[in-house]
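Chains as they are written, first to last, in the working numbering: chain A, -2 to 325; chain B, -2 to 325.
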């Protein structure tokens, strides 16, 4: 019995889900839902209907799992609890500080509707969280480091675009190589924000704009740039489109720790990602967890889960026997 | 309520378990069991009794989880099923081809005795298996590579020691750097055995032994060395003791795969380990899973599990709420 998936929201993440579903034979994309006028949505999958978000409850019995592709700032805090009562859902809520609160409200809704939900799925939160948990449980006497990049930060790119005189911008977060090396060597360094990452900005300015002022405003922007070594390059719109249209990202979770009667032996565990497309990889993680959500639901395991709760075998299309035989 | 742990077998792994337990506040080492004369066993933990393996069933009610530290060739296939009926157990059975059979026999015993067991724990099988599962579920259109080393292979070192004229030996398995680089770059190369790893041997020979013959016998040994580029260094016993007394190991599980409507984006997931002490790291993984086994048992979840089955939150000493708040 194939898993019938609905996609709610059709931005970068929704498109990533659309293509990820094609790579999983046990899944079938059955509907898109949008808050726009459905007739205006051009998807890449012909034959799959686009419905208005307002009508979604009509399709309760046609969908095994609904993947929510809205933003964490305003969409998901409302949508996920509202929909978790009627559907099994997965979201990628990534406002770290508000996860416990979001978990509680989605859990209440899912239990009320006897559904299974999973929040904060993707790679951070998501696979990186999972690796922090595993590494910390294995090496209790140790220390965690998370490095992000080289990759595009959407939030920082947006912040630059709000500066007067800026037409478009792309910001890359870059881990400091010497810091990464010290951590990988098990040296457990103390690292400030500035010592861990640098920020590189490619900016298209309006003709005649004061480039010095723009550069200064970027570099002095509190929270976003002031605590980092930031470089700014002014480029043309053509160059931006040619060289910076991708959405690559990645990073590493590294834990180093000691074992032995006197802590005489050091160990380094590293989980790292190099991603050509941040939203497509995030979507690929979400689709694997969507499968797990449906399995948990079919077992009557209701409520809101996270990646930390899910037994790994539930993620794979293969049977447990086959996984034990081929992977263990 | 702290977890009462017993150690069965006191070789390198048993000593690793002994020190790992000290790093986990919720665990208490309550007994060692040995097939030797208990009075001859000198442990590093004073005050913890050493009992004969023959008397173990007397201590059924004093131990929450028993960690089996015997070998996979002859000890564990017999010991784990025999003990799983009376104790919650964890072992590190690592004969990959025989895992399904071992799982079945331990599962039958554990279910009969209403106990929980976990087999094939450590890093490979273990954390590497888990990472093959996660990466494969996330990137179904991709390819896995496992590299081992640089590290000491006990089996290969033993094979060299069986050659006439050899007093002692240490063998290192070394991944081929160019192969690793091609895989990390997402090139999905086809690699033969010889192209993935080399083998480096440090050999102490008897005085007057025919070194050319020893070197030839090593390099031509089927299964162990014939398929690899092998280098042999003859050294003194002093050098062996000074430079090669550690048991380092490590390696990487790498999966690269494609996403997108036309497979246009590539991604690389890598999990890597750099370990000063193979047995101590293996022990650290086992101790985390021993905690999980006790939790599963207390919930009435009996039978034989593997690392692929265990929800990650069960591994940590911290509560789920705290993990969600601090790691997700």
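For every residue, glycine included, the Cβ atom is placed at its ideal position computed from N, Cα and C.
Remember, it's a predicted structure, so these values are computed and weren't measured experimentally.
- Collapsing the DSSP output to three states places residue 90 of chain B in coil.
- For the 8 Å CB-CB criterion, residue 114 of chain A and residue 75 of chain A do not form a contact.
- The C-beta distance from residue 64 of chain A to residue 14 of chain A rounds to 5 Å, short enough to meet the 8 Å contact threshold.
- The closest CA to that of residue 107 of chain A, considering only A:38, A:294, A:251, is found on A:294.
- Annotated as distal: residue 154 of chain A and residue 118 of chain A, with beta-carbon spacing of 8 Å or more.
- Closer than 8 Å to the CB of residue 75 of chain B there is not a single CB belonging to chain A.
- Closest in C-alpha terms to residue 313 of chain B, from the list A:83, A:35, A:306, comes A:306.
- In the assembly as shown, residue 267 of chain A is a buried residue. Its beta-carbon has 16 or more other beta-carbons within 10 Å.
- Residue 45 of chain B has its alpha-carbon roughly 11 Å from the corresponding atom of residue 39 of chain B.
- Exposure of residue -2 of chain B is indicated by the presence of fewer than 16 other C-beta atoms within 10 angstroms of its C-beta.
- Only buried fits residue 24 of chain B, as 16 or more other CB atoms lie within 10 angstroms of its CB.
- Excluding the 5 residues flanking it on each side, residue 70 of chain B has same chain C-beta neighbours closer than 8 Å at 92, in chain order.
- For residue 121 of chain A, no alpha helix (DSSP H) encloses it, and the DSSP letter there is neither H nor E.
- Among the residues of chain B, those whose CB is under 8 Å from the CB of residue 126 of chain A are 324, 325, following chain order.
- Interface flag for residue 303 of chain A against chain B is set, since a Cβ pair is found closer than 8 Å.
- For chain A, the residues of the region 125 to 150 of chain B that bring a beta carbon within less than 7 Å of one of its beta carbons are 126, 127, 129, 130, 131, 133, 134, 135, 136, 137, 138, in chain order.
- Below 8 Å, too few C-beta pairs join the region 230 to 240 of chain B and the region 186 to 196 of chain B to call them touching: fewer than three.
- For residue 71 of chain B, the three-state secondary structure derived from DSSP is coil.
- Chain A has no Cβ within less than 8 Å of the Cβ of residue 107 of chain B.
- Around the CB of residue 253 of chain B, 16 or more other CB atoms lie within 10 Å, so the residue is classed as buried.
- Under the Cβ criterion of 8 Å, residue 257 of chain A is counted among the residues facing chain B.
- Distance from the Cα of residue 30 of chain A is smallest, within the candidate group A:128, A:52, A:41, A:84, for A:52.
- The DSSP-derived three-state label of residue 35 of chain B is helix.
- Interface annotation, residue 55 of chain A: not in contact with chain B, CB-CB separation never under 8 Å.
- Distance check between residue 277 of chain A and each of B:256, B:260, B:289, B:247 places B:256 closest, using alpha-carbon atoms only.
- Short of 8 Å from the beta carbon of residue 217 of chain B, and not among the five residues preceding or following it, lie these beta carbons of its own chain, in chain order: 223.
- Contact between residue 310 of chain B and residue 100 of chain A does not hold, since their C-beta atoms are separated by about 13 Å, which reaches or exceeds 8 Å.
- Contacts between residue 278 of chain B and chain A, judged by CB atoms closer than 7 Å, involve 256, 264 in chain order.
- Neighbours of residue 21 of chain B in chain A, taken as residues whose beta carbon is under 7 Å from its own, are 137 in chain order.
- Within the same chain, Cβ atoms closer than 6 Å to the Cβ of residue 214 of chain B are found at 160, the five residues on either side in sequence being excluded.
- Sorting A:4, A:56, A:126 by C-alpha distance to the C-alpha of residue 317 of chain B places A:126 at the top.
- DSSP assignment within the region 133 to 194 of chain A yields the following whole beta strand (DSSP E) runs of 3 residues or more, N-terminal first: 139 to 145, 163 to 172.
- By alpha-carbon distance to residue 270 of chain B, the top candidate from A:283, A:259, A:33, A:183 is A:183.
- For residue 0 of chain A, no alpha helix (DSSP H) segment is defined; the enclosing uninterrupted segment is the beta strand (DSSP E) at 0 to 5.
- In this structure residue 60 of chain A touches residue 84 of chain A by the C-beta definition: roughly 6 Å separates them, less than 8 Å.
- In chain A, no part has a C-beta under 7 Å from the C-beta of residue 184 of chain B; the shortest such distance is about 12 Å.
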